[in-house]
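Trainee: Heads up: the protein sequence lines correspond to chains A and B, in order. Counting from 1, one number per residue, gives the positions in the first sequence under my numbering. Counting from 1001, one number per residue, gives the positions in the second sequence under my numbering. By construction, the Cβ of each residue, glycine as well, lies at the ideal position given by its N, Cα and C atoms. Here the structure is a predicted model, which is why all the values come from computation and not from measurement.
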Amino acid sequence: MEKWHLMAIVVLIGLTVRWTVSLNSYSGAGKPPMFGDYEAQRHWQEITFNLPVKQWYFNSSDNNLQYWGLDYPPLTAYHSLLCAYVAKFINPDWIALHTSRGYESQAHKLFMRTTVLIADLLIYIPAVVLYCCCLKEISTKKKIANALCILLYPGLILIDYGHFQNIYNSVSLGFALWGVLGVSCDCDLLGSLAFCLAINYKQMELYHALPFFCFLLGKCFKKGLRGKGFVLLVKLACIVVASFVLCWLPFFTEREQTLQVLRRLFPVDRGLFEDKVANIWCSFNVFLKIKDILPRHIQLIMSFCFTFLSLLPACIKLILQPSSKGFKFTLVSCALSFFLFSFQVHEKSILLVSLPVCLVLSEIPFMSTWFLLVSTFSMLPLLLKDELLMPSVVTTMAFFIACVTSFSIFEKTSEEELQLKSFSISVRKYLPCFTFLSRIIQYLFLISVITMVLLTLMTVTLDPPQKLPDLFSVLVCFVSCLNFLFFLVYFNIIIMWDSKGGRNQKKIS
Amino acid sequence: HSTDFEVHRNWLAITHSLPISQWYYEATSEWTLDYPPFFAWFEYILSHVAKYFDQEMLNVHNLNYSSSRTLLFQRFSVIFMDVLFVYAVRECCKCIDGKKVGKELTEKPKFILSVLLLWNFGLLIVDHIHFQYNGFLFGLMLLSIARLFQKRHMEGAFLFAVLLHFKHIYLYVAPAYGVYLLRSYCFTANKPDGSIRWKSFSFVRLISLGLVVFLVSALSLGPFLALNQLPQVFSRLFPFKRGLCHAYWAPNFWALYNALDKVLSVIGLKLKFLDPNNIPKASMTSGLVQQFQHTVLPSVTPLATLICTLIAILSLVLSPRLECGSAISAHRNLCLPWSSDSPPSASRVPGIQPSIFCLWFKPQGPRGFLRCLTLCALSSFMFGWHVHEKAILLAILPMSLLSVGKAGDASIFLILTTTGHYSLFPLLFTAPELPIKILLMLLFTIYSISSLKTLFRKEKPLFNWMETFYLLGLGPLEVCCEFVFPFTSWKVKYPFIPLLLTSVYCAVGITYAWFKLYVSVLIDPPIGKTKKQ
C-alpha cells in the first residue's frame, strides 16, 4: 500500500476519534450560574466582538472580569474575534452582548466543536504528520505508526473535544510543535517565530521557553559568537521582538493597557494551586497545609526556587551541548519541572509535558507510553466531572493498544532501549551488583498501571466517606504526582548521561 | 435517535411481558413485531438481561421510552452480538488461501479481507450508529458460507435455515443455497465432462438436508402452527401494503424508473403532451412519498417486481444453451476454491447462461456459489418490492470474500461498495453525524481501494477512466447535497432534491456493478485463464 494512503488513513482515524469524542458532553453543560470552560470561550467571543480592543482586559459594566474574564494573551483574543465573526454570520444570538450569557443549544455546540476541529486540522495535525515524516533513522512504517500514536493521545483529545478547554490546546501545542520542527530542522527563524506565536496564544507555553532559548543559544555558541553565531543571535532576537510587538500592538499604546494584560495573564493572587492538581504542592498539602501557613510572597519565591533548581542542570547541559535529541528531552524535563513545582498550575497543564513526550515516543516507547497513560489518568477527576468516563476509557484503551502493537513496547525494556545504558554502567563502577534496573522498571510499570486501574474503578463505583468527600481525587493526584516525580528523575538521568553514551558508542565504532 | 431504537425496545417489551400467543397480534405501538420467530426469541432472551438495566423499557405501553440506561443496554447488546460476526470473519479468512503477494501482514489477502469485513462502513453505521442487529445475522450468513467452503454442507445448511428464521430478508439468497446444495452435495459425482451423473444422486443426503431444514422450521413456526396463528405471522412478515419504493428510494432499478417517469412528465408538461389536471399531485409536490404514482410510465405492481427479480435470478429469457453447459469443465467442482490449477479443457467456450443455471451446469465449487449468492442478493435489491437501502449490505458483504480473489471481482466490488455505502448516507441525517459518516466513509474507501490496488498491482488497473470519473463524482455530489443545497432557496421549495440526486446517482453505479457482475458470471471462463493456455 502506498505510504500516503496509510498516512491519510491514520489522519482520518485521528479525526474520527476526535469527532466521536466531541459528541459527548462538555464542561459546565447546563450548570448555571458560572457554567464552564465552554461558556468561557463563548463569552470571549461575545466580549471581543462587541467591545473595542481597549476594553477587552478591563473590568467594566459590559465586561465583568469575575465572569470568565479574558486571561490569555492577545492571539487567543484575536482567535475568539475571528470565531465571533463566523458566529455572527450563522446566528447573531450566540454572541449578543449580555443576553447571550449561558447560551446553549445543539447548533451552538456543533459550531464550537467545529471551530476546535478546524483549528486542529489547520495547525496541530499537519505539524504532527510533518514531524513524523521528518523523523530520522526509522522505517516509513514506524513513522506512520508513530503518527497514529501521537494523534490518538487521549489526553489532548479529551480535553479539547470532550471537556472543551477554554483555550484551544491544539493551537498552542500545534504552534509549539511547529517551533520544535523548525528548530530541529535548522530553520531557526521560522521555528522561533512559530514558538513566539505559541507563547502569544497561551502563556503556559513559557514552560517550553527555556529549552528553546537554551537550544538556540547553544547553537549560536557552537557557531562562534564572533561570526555566524552572532548574526544568528541578532536575527533571532529581531524575529522574537517583532512577533511580540505585532501581537501586542493594540496594547502597547498605553502603559496601563500592557500592565493590565500582564496582570490578567499572571494572576499571582490566585494562590499556590487551585483545584486538585497532581503537583508537589497539592500532594504535599495532604500532610501540611502550606497554602495556609506561609504568606503568599514566600510561596511564590519558594515555588520559583524549586522550579529553577530542578530545571537548571538540564538547561546548562543543553547550552553546552546543543543537540536535537537533547533538546526534546530537555523540553520534557523542563515542562515537567514547571508542572510539578511552579505557582498556580492547572491540571490541564500536563498536556504541555505530554506534547514533548509524544515527540520522543519513537525513541523510548515504553517509558513514553507509560507517561502518557499516567498523564491521562491524572486528569481523571476533571473528566469524571464532565461525564466523560466512557470516552476516556475507550480512547485510553485504543491508545494503549496502538502503542503496544506499533512499538511492541513490552519487548523494549532492556537498559539500552530505555536509554539507561550509560547510567547503569557508571553506577556499576561503584555498585557492581546494579543489574536489576530494567526489571525494577518493569515492576514499577506494572504496579503503577494496577494502581491506576484500581483507583479508576474505585472512583467510579464507590462513594467517598462523608468526612473526606475529595478522598479519591486527592488519591489520584497523589499517585500521579509520585509517578511524575519518578519520570522527572528518569528524564534528567537520560539528559545528563546522554552524550557519554554517545561518545562511548563512537569509540566502539 | 433513529426509530429502530424504539422498534427494538417495543419488541423487547412485547416478548418480555406478553405470552407467545400475543406476540404477533400485539399492536399498541405502530412498530409491530415483523421478524420471524427466532428473532422474537432472541429479543426474549435479551429482555431477561435488559431487566437488570432498566425495568421500564419492558413495558409495552411505555411508547417512545428512552433512558440513558436503555440506550446503553441496546448499544452494548449490538456490540456483544458482534462477537459472532468476528468469529465468522475469522472462519472466512481461514477459507481463502489467496495468492502470496507480499511478505508483510498488511498485504496478505486474509488481512485485507478481515479489515474489509470488520471495518465495513455500511455495517458499522447501520448497526452501531443507526442501530440494528445486522452484525450477528451477517455473522451467521458468513459462517454458513465458510462451512460450505469447508465442505461441511450440513452445518452450512443448518446455519442458513436458522438465519432464515431470524430475518426473512435472507430469502433473497436462498435460491443460491438451494441449487448449490442440491447440485454439489446431493449429487455425489460428476461425469468426466462435468455434467451431472444422474445416478449418483444420493437420497440420503437430500433427506437429511430436508430434515434439517424441516426441523429448524418446525422449531420456529411449530408453536404458532399449534396456536393456529400461522396466517397472522405470515401477514406480519410479508406486508405488501407498502409502496414500491421506500420513502427514500433505494438506489435500484426502480429509482431509475421513477426518475425517468418524473423527467418524462416534466417534459410532457412543458411540451403540452400531458394535461396538468390529470397528473396526481403527490408526485410533483412532495416527490418522495410512500405511494408513488407514475404519470407516464405504467405503475408497478408487487407481482411485476417479483417476476423481474425471478427473471434476473433465473433469466429464463436468455434461453440457456444446454449442450454448451454440459460441455463445461468437468473438474471445476472438484477443485478447491481459489486454486488456479483447474484444467482448462473445454472451458474455452464462452457460454451465455443465467446465474442459477451457471451454478447448476457449471458448478465451480463454493466460489461459483458465492458469485451466484452475491448476484441473487444484488438482483433482488435491484428489482425487489419496497427494498430498503440497507439491503445493499446483503450483496456487499459476500462480495468482499470474492474481491480479494480476482482483480475483476475487486473492481466490481469497489464500485458496488463505494456507491452502495454512499447511498446509505441519508440514514444519518443530523448535523453532528455528518463529519462522522464522511470520515468513516473516506476511511473505508481509501483503505479498500488502496489495499486492493496493492494486491492486484501486477494486473491491469482496477478502474477505467469512466469508472474513476463516476466515483470521483460522489465527492461533488456530497458537497452539493449537504453543504451547498441547504443554503439555496430551493431548500424550502424542493426539499427532496438531495435525496433524489443521491438515489439516482447511486442507482446508476449499482446498476452498472450489477450488470458487470452478471456479465462476468455469464462469461466463463475468465479471460485470465484462457490467456494462460
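Quick one: residues in its chain with C-beta nearer than 6 Å to the C-beta of SER1423 of chain B, no 5 flanking neighbours on either side, listed in chain order?
Mentor: Only PRO1251, GLU1389 and CYS1506 meet the Cβ criterion.
Trainee: Quick one: give me the first and last residue of the alpha helix (DSSP H) that PRO1498 of chain B is part of.
Mentor: Run containing PRO1498 of chain B: 1497-1522, per the alpha helix (DSSP H) assignment.
Trainee: Quick check: the Cα distance between LEU190 of chain A and PHE213 of chain A, rounded to an integer number of angstroms?
Mentor: One C-alpha to the other measures close to 14 Å.
Trainee: Chain B partners of ILE13 of chain A, CB-CB under 9 Å?
Mentor: Those are LEU1439 and LEU1443, listed as they occur along chain B.
Trainee: On the DSSP bridge assignment, give the partners of PHE1187 of chain B in chain order.
Mentor: DSSP output for PHE1187 of chain B lists B:PHE1201 as bridge partner(s).
Trainee: Can you give me the C-alpha to C-alpha distance between HIS1421 of chain B and ILE123 of chain A, rounded to a whole angstrom?
Mentor: Rounded to the nearest angstrom, the two C-alpha atoms are 31 Å apart.
Trainee: Quick check on DSSP: helix, strand or coil for VAL374 of chain A?
Mentor: Of the three classes helix, strand and coil, the one that applies to VAL374 of chain A here is helix, per DSSP.
Trainee: Thinking C-alpha only, which one of B:ARG1069, B:PHE1214, B:MET1441 and B:TYR1518 is nearest CYS1376 of chain B?
Mentor: For the residues B:ARG1069, B:PHE1214, B:MET1441 and B:TYR1518, the minimum Cα distance to CYS1376 of chain B belongs to B:TYR1518.
Trainee: For the segment 31-45 of chain A, which residues have a beta carbon sitting closer than 9 Å to at least one beta carbon of chain B?
Mentor: Against chain B - using a Cβ distance shorter than 9 Å - the segment 31-45 of chain A contributes no residues.
Trainee: Take ALA1189 of chain B and list the residues in its own chain whose beta-carbon comes closer than 7 Å to its own, dropping the five residues that flank it on each side.
Mentor: For ALA1189 of chain B, where only same-chain residues beyond five positions count, the Cβ hits under 7 Å are ARG1197 and SER1200.
Trainee: With a threshold of 8 Å between beta-carbons, can ALA8 of chain A be considered close to chain D, or not?
Mentor: The structure shown contains no chain D; the protein chains it does contain are A and B.
Trainee: For LEU75 of chain A versus LEU355 of chain A, is the C-beta spacing smaller than 8 Å?
Mentor: No, these two residues do not count as a Cβ contact at 8 Å.
Trainee: Reducing DSSP to helix, strand and coil, say where PHE273 of chain A ends up.
Mentor: Correct three-state label for PHE273 of chain A: strand.
Trainee: Would you call PRO365 of chain A buried or exposed, if buried means 16 or more other Cβ atoms sit within 10 Å of its Cβ?
Mentor: PRO365 of chain A comes out buried.
Trainee: Please list the terminal residues of the continuous alpha helix (DSSP H) segment that includes TYR38 of chain A.
Mentor: Element bounds for TYR38 of chain A: 37-50.
Trainee: Give the residues of chain B in contact with GLU104 of chain A, contact being defined as C-beta atoms less than 7 Å apart.
Mentor: Per Cβ cutoff of 7 Å: no residues; GLU104 of chain A is ~15 Å from chain B at best.
Trainee: Any contact of the segment 1074-1082 of chain B with the segment 1129-1142 of chain B, i.e. 3+ C-beta pairs under 8 Å?
Mentor: Verdict: yes, contact present.
Trainee: With C-beta atoms as the reference, is LYS202 of chain A less than 8 Å away from SER172 of chain A?
Mentor: Closer than 8 Å, so yes.
Trainee: May I have the straight-line CA-CA distance separating LYS219 of chain A from ALA194 of chain A, to the nearest angstrom?
Mentor: About 18 Å.
Trainee: Going by C-alpha distance, which of B:HIS1153, B:ASP1054, B:SER1066 and B:TRP1254 is nearest GLU1006 of chain B?
Mentor: GLU1006 of chain B has its Cα closest to that of B:SER1066, out of B:HIS1153, B:ASP1054, B:SER1066 and B:TRP1254.
Trainee: Quick one: what's got a C-beta closer than 6 Å to PRO1019 of chain B's C-beta in the same chain, skipping five residues either side?
Mentor: Within the same chain, PRO1019 of chain B has no close Cβ partners at all.
Trainee: Use the C-beta contact count for ARG1371 of chain B: other C-beta atoms within 10 angstroms, 16 or more gives buried, fewer gives exposed.
Mentor: Buried, by the Cβ-count rule.
Trainee: Give the residues of chain A in contact with PRO1435 of chain B, contact being defined as C-beta atoms less than 7 Å apart.
Mentor: Those are TRP19, listed as they occur along chain A.
Trainee: Please state if the CB of ILE1169 of chain B and the CB of LEU1394 of chain B are separated by a distance shorter than 8 Å.
Mentor: Against a cut-off of 8 Å, the Cβ pair of ILE1169 of chain B and LEU1394 of chain B comes out as a contact.
Trainee: Are the C-beta of ALA1410 of chain B and some C-beta of chain A separated by less than 8 Å?
Mentor: No, its Cβ sits nowhere closer than 8 Å to a Cβ of chain A.
Trainee: Does the segment 1429-1449 of chain B touch the segment 1112-1122 of chain B, meaning 3 or more C-beta pairs lie closer than 8 Å?
Mentor: Segments in contact, yes.
Trainee: On the DSSP letters alone, give me the boundaries of the alpha helix (DSSP H) that TYR1257 of chain B sits inside.
Mentor: Per DSSP, TYR1257 of chain B belongs to the alpha helix (DSSP H) from 1253-1270.
Trainee: Mind checking which residues open and close the alpha helix (DSSP H) that includes GLU1043 of chain B?
Mentor: Element bounds for GLU1043 of chain B: 1037-1050.
Trainee: In chain B, which residues lie with their C-beta within 8 Å of the C-beta of THR16 of chain A?
Mentor: ILE1436, LEU1439, LEU1440 and LEU1443, listed in chain order.
Trainee: Going by C-alpha distance, which of A:LEU217, A:ILE118, A:GLU363 and A:ASP186 is nearest SER408 of chain A?
Mentor: Nearest of A:LEU217, A:ILE118, A:GLU363 and A:ASP186 to SER408 of chain A, Cα basis: A:GLU363.
Trainee: Which residues bound the alpha helix (DSSP H) around HIS208 of chain A?
Mentor: Unbroken run through HIS208 of chain A: none, as it is neither H nor E.
Trainee: Does the CB of ILE1446 of chain B have a neighbour CB from chain A at under 8 Å?
Mentor: Output row for ILE1446 of chain B: interface = yes.
Trainee: Can you check whether the CB of PRO73 of chain A is closer than 8 Å to the CB of LEU246 of chain A?
Mentor: No, the pair does not count as a contact, with Cβ atoms beyond the cut-off.
Trainee: Tell me the rounded alpha-carbon separation between LYS421 of chain A and LEU431 of chain A.
Mentor: Between LYS421 of chain A and LEU431 of chain A, the C-alpha separation is close to 15 Å.
Trainee: Can you list the residues of chain B that HIS98 of chain A reaches, using a CB-CB cut of under 8 Å?
Mentor: Ordered by position in chain B, no residue passes the 8 Å Cβ test against HIS98 of chain A, which lies about 28 Å from the chain.
Trainee: So that I know if they touch, is there some Cβ in chain A lying closer than 8 Å to that of ALA1431 of chain B?
Mentor: It does; some Cβ of chain A falls within 8 Å.
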